[in-house]
Amino acid sequence: MSKKGKRPVEERFALPHIKNKLKAPKMKPPKKSKTSTRTLLQQRKEDKELEGKSRVIQNPAITEIEVQLNAKQEQFKLLQNQARNLKAEISQKQSQLEQIQHNILKTAASYNTLSSLKKTLSLQEGYKQIAKEPLLTSPTPKKNPLSKKAIASIKKNLKSFNKN
1 MSKKGKRPVE ERFALPHIKN KLKAPKMKPP KKSKTSTRTL LQQRKEDKEL
51 EGKSRVIQNP AITEIEVQLN AKQEQFKLLQ NQARNLKAEI SQKQSQLEQI
101 QHNILKTAAS YNTLSSLKKT LSLQEGYKQI AKEPLLTSPT PKKNPLSKKA
151 IASIKKNLKS FNKN
């Protein structure tokens with residue numbers, strides 16, 4: 001046991017890390033808050049009461065500001081709707097433009113095909129004309145200056161030209 005004024009034996013012979021555990025922790029007095037909980041509760045009650053009353057009795061400047069705010073919010077909603085409508089209209093116009101471009105390309109392709117067909121027809125007519133007319137360089141005109149083989153080769157060339 002320990003005598004009056006001396007530490008207990010466990011504390012005197014204990015290792016330093018155990019000594020710290022054996023000592024009782026120092027109790028610090030609680031910090032005083034600036035506002036007590038009682039005043040906070042009262043303030044909350046008063047705030048709740050004021051909320052209900054503030055809806056009834058309001059400052060006219062605040063109500064005017066709220067009215068202006070509501071008007072601005074309505075204007076904002078209208079502008080948002082207009083923006084959505086304009087976006088939809090733009091996308092519709094873009095699709096129409098793409099369709100028109102596609103039609104133009106189709107027309108150009110068909111025009112190119114028609115012009116190539118006209119060229120081949122004029123070539124065929126030219127060959128027919130040559131076949132009908134006698135050659136000017138030949139001393140004696142022949143009835144049919146082109147043989148069947150020559151006509152076949154010309155037709156063959158025309159077909160390959162049409163493909164190209």
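The sequence shown: position 87 = 87 (the numbering used here), numbered continuously. Glycine included, every Cβ here is placed at the ideal spot set by N, Cα and C.
When DSSP labels each residue in this structure, what does residue i get in the three-state scheme?
i, result
"Gln147", "Before going further, note that residue 147 is Ser rather than Gln in the sequence given. If DSSP states are grouped into helix, strand and coil, Ser147 belongs with coil."
"Lys6", "coil"
"Lys28", "coil"
"Asn81", "helix"
"Asn59", "coil"
"Leu158", "helix"
Distance check for residue j and residue i, CA to CA, integer angstroms please.
i, j, result
"Ala88", "Tyr127", "59 Å"
"Glu64", "Glu46", "25 Å"
"Lys159", "Asn103", "29 Å"
"Ser91", "Gln82", "14 Å"
"Glu49", "Arg84", "44 Å"
"Leu117", "Phe161", "10 Å"
"Lys148", "Tyr111", "34 Å"
"Thr107", "Leu114", "10 Å"
"Glu98", "Leu79", "28 Å"
"Ile100", "Ala109", "14 Å"
"Leu121", "Ala152", "17 Å"
"Val9", "Lys28", "27 Å"
"Phe76", "Gln43", "38 Å"
"Gln68", "Thr39", "37 Å"
"Ala131", "Lys93", "57 Å"
With a threshold of 16 other CB atoms inside 10 Å of the CB of residue i, please say whether the residue is buried or exposed.
i, result
"Ser2", "Residue placement at Ser2 is flagged as unreliable, the pLDDT there being 49, under the threshold of 50; the coordinate-derived value follows with that caveat. The residue in question, Ser2, is exposed, as its Cβ has fewer than 16 Cβ neighbours within 10 Å."
Could you name the residues of the same chain whose beta carbon sits closer than 8 Å to that of residue i, not counting the 5 residues immediately before and after it, in chain order?
i, result
"Gln124", "Leu158"
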